[in-house]
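Protein chains: 4
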Amino acid sequence: MKFFILDVDGVMTNGNFYYSVEGKVLKSFGPDDSDALSILKKYMSIEFITGDKKGFNISKKRITDDMGYKLSLVSTMRRKEWIQEKYNLNDVIYMGDGIFDVLVMNAVGYSIAPANADKNAIDKADFVTERIGGNRAVSEACLHILKKFYGLQSLEDEINSRNKLDTGEWNIC
Amino acid sequence: MKFFILDVDGVMTNGNFYYSVEGKVLKSFGPDDSDALSILKKYMSIEFITGDKKGFNISKKRITDDMGYKLSLVSTMRRKEWIQEKYNLNDVIYMGDGIFDVLVMNAVGYSIAPANADKNAIDKADFVTERIGGNRAVSEACLHILKKFYGLQSLEDEINSRNKLDTGEWNIC
Amino acid sequence: MKFFILDVDGVMTNGNFYYSVEGKVLKSFGPDDSDALSILKKYMSIEFITGDKKGFNISKKRITDDMGYKLSLVSTMRRKEWIQEKYNLNDVIYMGDGIFDVLVMNAVGYSIAPANADKNAIDKADFVTERIGGNRAVSEACLHILKKFYGLQSLEDEINSRNKLDTGEWNIC
Amino acid sequence: MKFFILDVDGVMTNGNFYYSVEGKVLKSFGPDDSDALSILKKYMSIEFITGDKKGFNISKKRITDDMGYKLSLVSTMRRKEWIQEKYNLNDVIYMGDGIFDVLVMNAVGYSIAPANADKNAIDKADFVTERIGGNRAVSEACLHILKKFYGLQSLEDEINSRNKLDTGEWNIC
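Chains as they are written, first to last, in the numbering used here: chain R, 1 to 173; chain S, 174 to 346; chain U, 347 to 519; chain B, 520 to 692.
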């Protein structure tokens, strides 16, 4: 596995769109996901895709400006094709939660869904986290990937070994 | 069944009204409901009603401006009469969550309540979703309707058949 | 029982205070509580107290401006005395959720706590709702009071009888 | 035990960061934690640390301006060292929820995690609260500390004894 591609809403957030009279104004991101991705990114290329056009700039603020990852606007209906054009599908781990994500999950090498994902996504995913989106689902997914595909034995050992080398690099809350 | 009429607060949202010193300023909508309604709307006429006058413009931003559905201001106490004046009650599926929605549920052809609805609404509803409002309750209701009344076998087949015809039409997140 | 006195935060809300860099800016109120109180207020005098000075104007916007009830600023430590000075304690039903509310619950005629209240409050309360604050706890409490103290048999009958007399009065969402 | 050091996000809040297009704009604090800390502070020195640089001013508004406690910006990766430089580690009770907090928990005299903490933090903590962060986890932790380390028998007695001496001091909601 070389590429970890994640959906944003419902995966990095609880899926909620907070509306004012001006429209979609807030999204709610959660703890530890950024930290866990910081560990995983030494092993895999990580990027995000979202189908949310109206909320794109909110997601971009978190994913790109604050966390430093690439974010692309890709409709769920066209995700499989989009991934296929760029990567070997078998090299891709995809994490999504939506009603149409089953289309992507059928195609990629490995798929992950958060606990509160759409039922079809949960049935289809290779791994379902115990935590919900925006509440450590991505953190849990990262540790699962590190153990399953990269032989991580103990998070503590991993943290301690890294701590000596690059203290301060992590922790983009 | 020809008409699907949905309440907004507690059905499309988690029921919460976020208040600042200015009053009601935010509501929280959820994932997949818009996508699932996009599938169902080929089979049924879909519209929304709300009793929330002060929060009407917030709901309208989401339901009408962003999702494209009609939204009418109708007190729960007068919903049965309002529906009756426009439609044959037996042709209507109603989804609501409130303490007075039992009045509507008694009258329409088929009724649905989200998991976190008022107890009386839950007892009276023909179908109760496993998910709560603002967390895929409407998405689940749409799939239930498609299976029960329109013989949908597999969501994946439905998605794939449509994908060829109108790629890009869905996905108003 | 003549007086129903309710705490606001954690009872009418989920207890959360949303902070920006400006301080406390949002609270989250829920569905049905306003409707259920509208039924109960024909039987009892209803008022609210809060210990939240900094968030008082947010609570006041909801409780007084939008719902029409009196709201007083009373520290939990002085609530028992405050109630005692105004009313016969035995005539009062109190609903609260906090760590100090046990002091009030010991003194009043009847006490109610939402499902997510402080443990001591839950142990002491005469009735604990199944729903949490900001998610129909007050609505559930109102129906409990109507059944226990005023012999309500069926909410539906009550609604129907009132519907004829004062259509449109309820429904301050 | 002389010092109680608490993380902020996920401990005093539910861990959520609410983003607008401007970035991180809101955090959600909960009930009773401020009141319970007011009791504990007569027995222990209490201070807060956070790794959240971008949200520091939001946390500071709640923790320092409204509640009156010291708040320091300390990366989770450097927390153990930071504590060690200031205090005897054995005198410190630490409460944290994050993926890296296991490093701190290994070092201090006693550690506490909220119910929704990272799995490793939960496994390592000496005490895990039943409540989640932002929903009385800190209040529960305070009562646990008072009972375990200071022989508190009954919260009610404690409240009543204090009530006579310093009425009005508590209750910074």
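Heads up, the beta-carbon is just placed ideally off N, CA and C, and yes, glycines get one too.
Computed from a prediction, not measured in an experiment: that's the story for all the values here.
With DSSP as the reference, label residue i as helix, strand or coil.
i: S/E342; result: Residue confidence is low: S/E342 scores 49 on pLDDT, short of 50, so the model does not pin down where it sits. No coordinate-derived value is stated.
i: R/A141; result: helix
i: R/K24; result: strand
i: B/M586; result: coil
i: B/I568; result: strand
i: B/I651; result: coil
i: S/M278; result: helix
i: S/D330; result: helix
i: R/F4; result: strand
i: R/Y150; result: helix
i: S/M268; result: strand
i: S/A209; result: helix
i: R/A121; result: helix
i: R/F100; result: coil
i: U/S405; result: helix
Using only alpha-carbon positions, find the residue among the options that is nearest to residue i.
i: U/S405; options: U/K348, U/G369, U/S374; result: U/S374
i: B/G615; options: B/I631, B/A626, B/G587, B/F536; result: B/I631
i: U/D464; options: B/S564, B/G653, B/N625; result: B/G653
i: B/V540; options: R/I63, R/R78, R/I159, R/E81; result: R/I63
i: U/N466; options: B/G617, B/L674, B/M624; result: B/L674
i: U/D378; options: U/K493, U/I478, U/S507; result: U/I478
i: U/F349; options: U/L435, U/A471, U/S507, U/K470; result: U/L435
i: R/K147; options: R/Q84, R/Y94, R/Y43; result: R/Y43
i: R/R79; options: R/A107, R/N57, R/D66, R/K61; result: R/A107
i: R/D66; options: B/K560, B/V544, B/Y629; result: B/V544
i: U/D369; options: U/I505, U/M423, U/D398, U/M358; result: Looking at the sequence provided, one finds Gly at residue 369 of chain U rather than Asp. Out of U/I505, U/M423, U/D398, U/M358, U/D398 has the C-alpha closest to the C-alpha of U/G369.
i: S/K227; options: S/E254, S/L213, S/D296, S/D182; result: S/D182
i: S/N333; options: R/K86, R/V104, R/F127; result: R/V104
i: S/I272; options: U/G376, U/T422, U/F402; result: U/G376
i: R/F56; options: B/N635, B/Y538, B/E677; result: B/Y538
Since residue i and residue j are thought to touch, with beta carbons under 8 Å apart, how far apart are those beta carbons, to the nearest angstrom?
i: B/D620; j: B/D526; result: 7 Å
i: S/S211; j: S/C346; result: At roughly 11 Å, the Cβ-Cβ gap does not stay under 8 Å, so S/S211 and S/C346 are not in contact.
i: R/I93; j: R/M12; result: About 15 Å separates the two Cβ atoms, so there is no contact after all.
i: U/V474; j: U/A382; result: With 8 Å as the limit, U/V474 and U/A382 do not qualify as a contact, their Cβ atoms being about 17 Å apart.
i: S/I178; j: S/I256; result: 6 Å
Determine, using beta carbons only, whether residue i comes closer than 9 Å to chain S.
i: R/L103; result: yes
i: U/V484; result: no
i: R/V25; result: yes
i: R/G15; result: yes
i: R/G30; result: no
i: U/A382; result: yes
i: U/N436; result: no
i: R/T50; result: yes
i: U/I392; result: no
i: U/I351; result: no
Determine, for residue i, whether the minimum Cβ-Cβ distance to residues of chain R falls below 9 Å.
i: B/Y629; result: no
i: B/N654; result: no
i: S/G341; result: Only weak support exists for where S/G341 lies, its pLDDT of 49 falling under 50; the coordinates are left without a value.
i: B/I618; result: yes
i: B/M614; result: no
i: S/D299; result: no
Taking 9 Å as the threshold (beta carbon to beta carbon), is residue i in contact with chain B?
i: R/P114; result: no
i: U/K399; result: yes
i: R/G68; result: no
i: U/G548; result: Outside the displayed span of chain U (347 to 519) sits residue 548 of chain U, for which this structure offers no information.
i: U/Y364; result: yes
i: R/E85; result: no
Of all the CB atoms in chain U, is at least one closer than 9 Å to the CB of residue i?
i: S/V194; result: yes
i: B/K666; result: no
i: S/D291; result: yes
i: S/N279; result: yes
i: B/K580; result: yes
i: B/I641; result: no
Note to self: Does the contact criterion of 3 or more C-beta pairs under 8 Å hold for the stretch 481–496 of chain U versus the stretch 146–163 of chain R?
What the structure shows: Too few Cβ pairs lie closer than 8 Å, so no.
Check: Counting pairs of beta carbons, one from the stretch 203–223 of chain S and one from the stretch 241–259 of chain S, are three or more of them closer than 8 Å?
Finding: yes
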